[in-house]
Structures are given as C-alpha cells and as structure tokens.
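Worksheet: one structure, shown below.
2 protein chains.
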Amino acid sequence: MADRLVLAPDYLLPDYLGPDGGADERVVGYSEGRIPDADVLDRVGFFVPAYIEHPNAEWMAKMPLLEVVQLPTVGFDSVLAHLPAGVTLCNAAGVHEQSTAELTVGLIITRWRGLDRSARDMPAGTWDHRRGRSLQEAQVLVIGTGGVGTAIASSLEPFGCRIQKVARTRRDDIAGREELPGLLPTADVVIVALPLTGETLGLVDDQFLSAMQDGALLVNVARGQVAVTADVLAHTGRLEFALDVTDPEPLPQDHPLWSAPGVFISPHIGGDTDAFPRLARRLIGHQVQRWRTGEQLVNVVGVG
Amino acid sequence: MADRLVLAPDYLLPDYLGPDGGADERVVGYSEGRIPDADVLDRVGFFVPAYIEHPNAEWMAKMPLLEVVQLPTVGFDSVLAHLPAGVTLCNAAGVHEQSTAELTVGLIITRWRGLDRSARDMPAGTWDHRRGRSLQEAQVLVIGTGGVGTAIASSLEPFGCRIQKVARTRRDDIAGREELPGLLPTADVVIVALPLTGETLGLVDDQFLSAMQDGALLVNVARGQVAVTADVLAHTGRLEFALDVTDPEPLPQDHPLWSAPGVFISPHIGGDTDAFPRLARRLIGHQVQRWRTGEQLVNVVGVG
C-alpha cells in the first residue's frame, strides 16, 4: 500500500499535507474533467470523485489497485453502479449538514422578519417598519432526522421554539410519519429535511398542505420533488413558503412561483458554503491517514 | 392597596386576567394618546406607560396613589424625570432581547448566503447559484454583554463559530473594550450590541473600521449613532454591513447607504416581533400579582 496514490480534485487535496499542498508525492491532484494518465491511474489506491454528481465515477474501472473511494458528498447512489468489487465506499457525512441548517434558520428569519421585503425596498430607499414574527414559543416541525434534520433541530434550540422531530418510525421523543396529520395543524413552521426516495416523492401535496394552519410557513431544504409544485402554488396566499429547492430546478424564469405571494426562493444553496472545501479536505486528510495506518475508516456506506 | 387600579395600554393588559381581559374590574385599559378621566387617575396604583418613547409619562403627576411604574421597554431614561417620589420603576428586561438576537442571526445569514440578492433576483425570475459563507469556525466578536449581547452569543452557539464577547471591562472569558484594537483584525463578524451612551456614541468610526479585515461583516443592532455613517460609507466595498439601525433614522430615501455595495439595511425591527406584546403582558401580569401580594418586584431599575 505504501506506494499507492491518493487521487483527489485539486481543490480537495487532503489537509494534512499542509498549506503548500505538495509535501507528499503520493498525493496527486486532478482538474475536474481531465482524466490522468494511465501510469497514475494504475497506482491509485484512494480516490476522491468529482463534486457534485461524480461524473468521473467510471475512472474507477481503470484503477486496478483501488481500495477506497471517498465521496465529497453525502449522496452516493450514482457511484454504486461503478464501484469495483472489494472497494470501500465512504461518504462525506458531517461536511454539508450544518451549512443547510444555517440556511434553514436564515430562511425562517428572512420570511418572519420580512428581510426579503427589506432587500427589495432598498433600491427605492423605502424604510418600511413592520412588526415581525418571532421563533420564541413557535411550534416547529422538523421532518427528517438524518444529519440535516438533526443539525436543524440543534441550531434552532436557543431560539426558544418548541421543536417536534418527525421520522419514518416513532421512537423516544420523535414522532412517526403516521402522526403527521395530527401534528401539521399545530405547526407554525414545517421544515422538510428528507432525502428524496420513492416514499418521500410528492410527500408535500395538497393533503399535506391543507392540514397546515393559515399563515404557517413551509421550508423545503430537501429536494424540489419532495413537494408537488402545483399544490404549493394552490396554497400560496394562505400559507408561506421558503424554498431552497424547487421542481423543476433551476426554476424557469417565467414560473409563477417566483411571484406568488408569501414565497421566498433561494437557488439551491443549502450545503454550498466555504465550509465545504475546508471540511471536506479535513475529512479526506483524516481518511487518508486512517487508510495508510490501517485504522478503521469512518462514513463507510458500502463495499463493492 | 386593594382598590387601587392597574392602568395599562389596551393591548398590554396583564395576562393573568385570561383571554376575555375583563375579569378584574380593578384593571383599566387605555388607548394610547387618550388620557383617562380624573376619577380613574386618582385611583391608579400600578401604571404601564405607552410604548416606545413613553409619551404619556406626565400622566404620573396626576396619580396620587401611584406605587409602581412598569415600562414596556428596556430603556427608562426618558421616564426618570417624571417619576414621583417613592414610586418604583421597573423595566421590561427579558421581553425584547431574544427578538433582537434572532434578527442578528438572520442578518448574518442573509448577507453570507446572499439571501438579499436572492430576494432581489426573484421579480426577474433569476436563479443565480453562488457559494455562500458559513458561520462554522468563523470568528465572531460580540461587543456588549447586556441582555441583547448575551442573547446573541447564546443564539450563535450551535452554529460552530468562535465567539469572543467584549465588555467595557475585562472579566473571565470576556475581553475588555481596550482589547478591541487587537481583536478587530481577527474577526469575520463584528456585532455591535451596546446601549447608546456618551461612551459608545461614534464608537464605530474610521479607526474602528480600519482595524477590521477585508471582507469582514459589521452588524449594528444597537443604535445608529453608535456608528459614524460617513465612516461606514467610506469602508463600503472593502467591508460588509448589516444595519438594523442607522443615523439618521429613518434613513432618507436618497441616502447613499441604500445603494452602497455589500450593505443590507432593515428598518429598525430588532426587538419588534409578535413576542413583544405576549411576553410584555405576561411580565405585567406577574408584576401586578407580586404588587398585590406584597412580593418583591423584578426588573426594578429605580425609585423616585
């Protein structure tokens, strides 16, 4: 293993190499889109595919000595088909979640304090003071208890709201999905933080939205297709929406959602902050060290 | 004391009366701007002046039986001159702070995730994805350790930033004001949460701003005059600003601050949320009960 190479995107070279990035000749960077020469691929033992949809996953077929694939993303479905036998697949759990939680808190405050209106008032120099809505004592439903949902609930903790988490199955103080009909009418904010699966596709439909009380806020930081866009549109005016994801995406310029009342849209920026490359480089550095010293890897999501 | 009246603005009638608000005939509501009849004033023992600048503080001179003045605000300077001898003055500490902390977190996320730009992109249907900046591992200075500064620091806790509090005098892990020249160059965010006093007037001047590093964000949720507007303007472009307060205020329509690069302005909405009347009514209710039963009042800030 001593002479096997680490192959990673230039901007994700592992952190332990230090700021100059070139101290370890067994680490090779690549520019996304440019496949390295065969004499490099022949020696790769640890591979970091490109962000975000792993377009270079097929490079793995040309790496006879490959042992570990460390993704820069949480999602890994698109890589599984390319994973050679015996290769360990790790994801980047812990790298993106807090950025999405931050955005979620920002989206709620933006809507409830009218910061979106203030932003649009600025070019005309309009000072329009209005009373806002506070998270204090608000009833908040967080649907999804994976990394993102958990980070969202923790980030809301100091704001004095009442947080009810909802998971697929009931456990401890977490409600089960089947309790949603009873919980939705009580919520001031409903946050959707679920992966897109066959089960969650279209979860936020007319029935779901009809159960929410007038004036409540739905926040979607999951995937656009978890909500039915036509049903969202039908409830604008009665409900408020803060959507970081839409269906379709990007949202076409002439889509009615852009101008629907009480809707705020951000362009799918959930996990994408400057923290991503920093935390990803750190994770990759630790994983490379574990691999080289024979320690157990973290974030293992599959073996080919 | 049994027959002395409680006089409070209609919308701040104490909570313990229950939802119908009329169970206790010794509690009298007033519409702001309309002075009650003398036979009411003659019997007032507990008075809640009007929000926000207490324009009816002079009513106190006509209340011979007055014992307690409960303000709906934290600030109490403007009432002191009118306070009759022997009357106890209480403020509303705890009622507004968390709303301002919420806004502060929202302002940082708005600037760092470009939610203000997204809001302005919406009318044209522009989907403009850009990488944002995360609070994770960011260095945050909170200047002011009163109720608001403390609430801000607590609210930022789960976001994984490094928080340094700054007070007038150094104590424990709180830095002293004299350490600012060394701290300002290290900060990614500087939050000003100080009362306006002779000492803090113009604190954020050219020297202060010059000490901040390129791209850092100054958040002012204190009072406009804590910053020197001309100096703020001179540093736009190099620094970012999120200002809930300005000098002058309201900011005139043609003021250059509205269109300066990297500046976000909200119209002094810091403490003003729906939580205010709710928490104020609850505080007033508790205080009236304490007063009637001879218990010690809380939030006492002076005696006339």
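Protein chains in written order, with our numbering: chain A, 1337 to 1640; chain B, 1337 to 1640.
Every residue, glycine too, gets a C-beta built ideally from N, C-alpha and C.
What you are looking at is a predicted structure, and each value in this text was computed from that prediction instead of being measured.
Kindly say whether residue i, judged by its beta-carbon, lies nearer than 9 Å to any beta-carbon of chain E.
i: alanine 1455 of chain A; result: This model lacks chain E altogether; the protein chains it does include are A and B.
If the cut is a Cβ gap below 8 Å, which residues of chain B does residue i touch?
i: arginine 1467 of chain A; result: Ile1605, Asp1608, Thr1609, Asp1610 and Phe1612
In three-state terms, what does DSSP make of residue i?
i: valine 1568 of chain A; result: helix
i: isoleucine 1601 of chain A; result: strand
i: valine 1431 of chain A; result: coil
i: arginine 1506 of chain B; result: coil
i: tyrosine 1387 of chain B; result: coil
i: glutamate 1576 of chain B; result: strand
i: proline 1345 of chain A; result: strand
i: alanine 1596 of chain A; result: coil
i: threonine 1424 of chain B; result: strand
i: leucine 1477 of chain B; result: strand
i: leucine 1553 of chain B; result: strand
i: isoleucine 1641 of chain A; result: Coverage of chain A is limited to positions 1337 through 1640, which leaves residue 1641 of chain A absent and any answer about it impossible.
i: threonine 1582 of chain A; result: coil
i: alanine 1511 of chain A; result: strand
i: glycine 1468 of chain A; result: strand
i: isoleucine 1371 of chain A; result: coil
i: threonine 1536 of chain B; result: coil
i: phenylalanine 1412 of chain A; result: coil
i: alanine 1563 of chain A; result: strand
i: glycine 1485 of chain B; result: helix
i: glutamine 1406 of chain A; result: strand
i: tryptophan 1627 of chain B; result: helix
i: valine 1634 of chain A; result: coil
Going along chain B in order, which residues have a C-beta closer than 9 Å to the C-beta of residue i?
i: phenylalanine 1600 of chain A; result: Leu1451, Ser1454, Ala1455 and Met1458
i: phenylalanine 1577 of chain A; result: Ordered by position in chain B, no residue passes the 9 Å Cβ test against phenylalanine 1577 of chain A, which lies about 12 Å from the chain.
i: histidine 1591 of chain A; result: Gly1461
i: serine 1595 of chain A; result: Met1458, Pro1459 and Gly1461
Anything in chain A within Cβ reach of residue i, meaning under 7 Å, just list it in chain order.
i: histidine 1622 of chain B; result: Per Cβ cutoff of 7 Å: no residues; histidine 1622 of chain B is ~16 Å from chain A at best.
i: valine 1441 of chain B; result: Val1441 and Ile1445
i: proline 1586 of chain B; result: Trp1463
i: aspartate 1346 of chain B; result: Within 7 Å Cβ-Cβ: nothing; aspartate 1346 of chain B doesn't reach chain A, min ~16 Å.
i: serine 1490 of chain B; result: Pro1494
i: glutamate 1438 of chain B; result: Ile1445, Ser1470, Leu1471 and Phe1495
Listing by chain order, which chain B residues have their CB less than 7 Å from the CB of residue i?
i: glycine 1496 of chain A; result: Gln1434
i: glutamine 1472 of chain A; result: Gln1434 and Ala1611
For residue i, return the contacting residues in chain A, with the cut-off set at a CB-CB distance below 8 Å.
i: proline 1521 of chain B; result: Those within 8 Å of proline 1521 of chain B in chain A number zero; the least Cβ separation is about 19 Å.
i: aspartate 1658 of chain B; result: With chain B covering only 1337 through 1640, there is no way to say anything about residue 1658 of chain B.
Given this structure, state the Cα-to-Cα distance separating residue i from residue j, to the nearest angstrom.
i: glutamine 1625 of chain A; j: leucine 1425 of chain A; result: 16 Å
i: proline 1603 of chain B; j: threonine 1629 of chain A; result: 57 Å
i: glycine 1485 of chain B; j: aspartate 1509 of chain A; result: 32 Å
i: valine 1404 of chain B; j: leucine 1615 of chain B; result: 19 Å
i: leucine 1407 of chain B; j: alanine 1428 of chain B; result: 6 Å
i: glutamine 1472 of chain A; j: glycine 1621 of chain A; result: 41 Å
i: leucine 1402 of chain B; j: valine 1342 of chain B; result: 10 Å
i: glycine 1598 of chain A; j: glutamate 1438 of chain A; result: 21 Å
i: glycine 1381 of chain A; j: glutamate 1368 of chain A; result: 19 Å
i: glycine 1468 of chain A; j: arginine 1513 of chain A; result: 31 Å
i: serine 1414 of chain A; j: glycine 1450 of chain A; result: 39 Å
i: leucine 1554 of chain B; j: isoleucine 1601 of chain B; result: 12 Å
i: arginine 1617 of chain A; j: valine 1384 of chain A; result: 10 Å
i: glutamate 1585 of chain A; j: aspartate 1464 of chain B; result: 12 Å
i: valine 1639 of chain A; j: leucine 1537 of chain A; result: 27 Å
i: alanine 1558 of chain B; j: valine 1636 of chain B; result: 23 Å
Exposed or buried, residue i, counting other C-beta atoms within 10 Å across all chains shown (16 or more means buried)?
i: glutamine 1543 of chain B; result: exposed
i: leucine 1454 of chain A; result: Per the sequence shown, the amino acid found at residue 1454 of chain A is serine instead of leucine. Classification for serine 1454 of chain A: buried.
i: arginine 1447 of chain B; result: buried
i: arginine 1340 of chain B; result: buried
i: glutamate 1515 of chain A; result: exposed
i: valine 1634 of chain A; result: exposed
Heavy atom of the ligand GDP less than 8 Å from the Cβ of residue i, yes or no?
i: leucine 1439 of chain B; result: Questions concerning the ligand GDP fall outside what the structure shown contains, since it holds no ligand whatsoever.
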